[in-house]
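Going by UniProt numbering, the sequence shown opens with residue 1, and the numbers climb by one from there. Ideal Cβ placement from N, Cα and C applies to all residues, glycine included.
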Amino acid sequence: MQRESEKSKQELPQKRCGNCNRLLFYGYAKSLKIKCPKCGNILFFEN
């Protein structure tokens, strides 16, 4: 049986780095700038 937090993560979209495919976060963002901790790529997410 999965915990509630694990179950809710699966329902949210995954946002991954375009260079190294590392999972950055689950969910939605209106506007976000984030640097991938693995490869250093800077990503912009906007809805």
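My understanding is that residue i touches residue j, with C-beta atoms under 8 Å, so please give their C-beta distance in whole angstroms.
i, j, result
"Asn-47", "Tyr-26", "Not confirmed; about 15 Å, so no contact."
Measure the alpha-carbon distance for residue i versus residue j and round it to whole angstroms.
i, j, result
"Leu-23", "Gln-14", "7 Å"
"Lys-33", "Asn-41", "11 Å"
"Ser-31", "Lys-38", "21 Å"
"Phe-45", "Cys-20", "16 Å"
What do you get for residue i, buried or exposed, if any count of 16 or more other CB atoms within 10 angstroms of its CB means buried?
i, result
"Cys-17", "buried"
Which residue spans inside the segment 19 to 46 form an unbroken beta strand (DSSP E) run of at least 3? Counting only runs of 3 or more, we get 23 to 26, 31 to 35 and 42 to 46.
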